[in-house]
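To convert, note that position 1 of the sequence shown is 1 in my numbering; the numbers rise steadily by one, no gaps.
Take a look at the structure below.
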Amino acid sequence: MRNGRGMNRIQSGIDQAGGDTGTDRVNHGRIDMKIARDGKWFYHGTPIPRKEMVCLFASTLTRRSDGSYWLVTPTEEGEIEVEDVPFLAVELFTCGSGRDCVFSFRTNVDEIIPLDRDHPLRIVCNRDGAPPYLTVREGLEARLTRSVYYELVGLGLEEAVGQERLYGVWSTGLFFPLGRLDTVI
1 MRNGRGMNRI
11 QSGIDQAGGD
21 TGTDRVNHGR
31 IDMKIARDGK
41 WFYHGTPIPR
51 KEMVCLFAST
61 LTRRSDGSYW
71 LVTPTEEGEI
81 EVEDVPFLAV
91 ELFTCGSGRD
101 CVFSFRTNVD
111 EIIPLDRDHP
121 LRIVCNRDGA
131 PPYLTVREGL
141 EARLTRSVYY
151 ELVGLGLEEA
161 VGQERLYGVW
171 STGLFFPLGR
181 LDTVI
């Protein structure tokens, strides 16, 4: 029979990672980590080359009510800089068509996010025609890359909403306006 102590240590580590460690979380304040507008992650000014590491950091990312971004683990936390939003929507998936369509997006950290009630689009009206943002999770958003945005626009349709005729997409039984037809493209 094998020594059970090793298994106990592994289980103890899992238990601590999943819950309260019994100690206060160490707050490192502002750490020298940044997510650039193009989705690249930097530590001490140097790009983080390993996608697996970026995905690990991304899984601990939260946004506080004051708008600040934090990496939070069960034992440590630190504030980081985010130039725009932390994620990019880099690929679009569709299933179905018309009002029965379901749209999903893959982020630059390989999360698949459905376009639905919990993950709506946010349109920013400005002159440069910036692509919309997609809610990823509480307070965290992904900006649609321009190519994904154009692909989404190409799949849109005109719809009457109240007294207006808007252009947008149907997903999960909900209409998500992209804007008026003359302002979308």
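Beta carbons are placed, not taken as given, at the ideal position from N, Cα and C, and that holds for glycine.
So, are the CB atoms of L92 and L140 less than 8 Å apart? One-based indexing of the sequence shown puts residue 92 at position 92. One-based indexing of the sequence shown puts residue 140 at position 140. Not closer than 8 Å, so no.
Cβ-Cβ distance between L115 and F103 below 8 Å: Within the sequence shown, numbered from 1, the residue matching residue 115 stands at position 115. Within the sequence shown, numbered from 1, the residue matching residue 103 stands at position 103. Contact flag set, yes.
Just reading off the alpha helix (DSSP H) that R137 is part of, what are its end residues? As a working mapping, residue 137 is identified with position 137 in the sequence shown. Unbroken run through R137 is the beta strand (DSSP E), 133 to 137; no alpha helix (DSSP H).
Taking its Cβ as the centre, do 16 or more other Cβ atoms sit within 10 Å of C112, making it buried, or is it exposed? Within the sequence shown, numbered from 1, the residue matching residue 112 stands at position 112. Checking the sequence shown, residue 112 turns out to be Ile, not Cys. Label assigned to I112: exposed.
Is the distance from the Cβ of V90 to the Cβ of V54 below 8 Å? If you number the sequence shown from 1, residue 90 lands on position 90. If you number the sequence shown from 1, residue 54 lands on position 54. It is not a contact, given that the beta carbons lie outside the stated cut-off.
Name the DSSP bridge partner or partners of I113? As a working mapping, residue 113 is identified with position 113 in the sequence shown. Answer is F105, bridged to I113.
Taking the CB atoms as reference points, tell me whether Y133 and R143 lie closer together than 8 Å. Here residue 133 refers to the residue found at position 133 when the sequence shown is read from its first residue. Here residue 143 refers to the residue found at position 143 when the sequence shown is read from its first residue. Yes; because the gap between Cβ atoms is below 8 Å, this pair is in contact.
Starting from G39, trace the beta strand (DSSP E) in both directions and tell me its first and last residue. Position 39 of the sequence shown, counted from the start, is the residue given in the question as residue 39. Per DSSP, G39 belongs to no beta strand (DSSP E) and is neither H nor E.
Please list, in chain order, all residues of the same chain as G156 whose beta carbon is under 8 Å from its beta carbon, the five residues on each side excluded. Counted from its first residue, the sequence shown places residue 156 at position 156. So the qualifying residues of the chain are Y167, G168, V169, L178, V184.
Tell me, please, whether the segment 71 to 79 touches the segment 27 to 34 by the rule of three or more beta-carbon pairs shorter than 8 Å. yes
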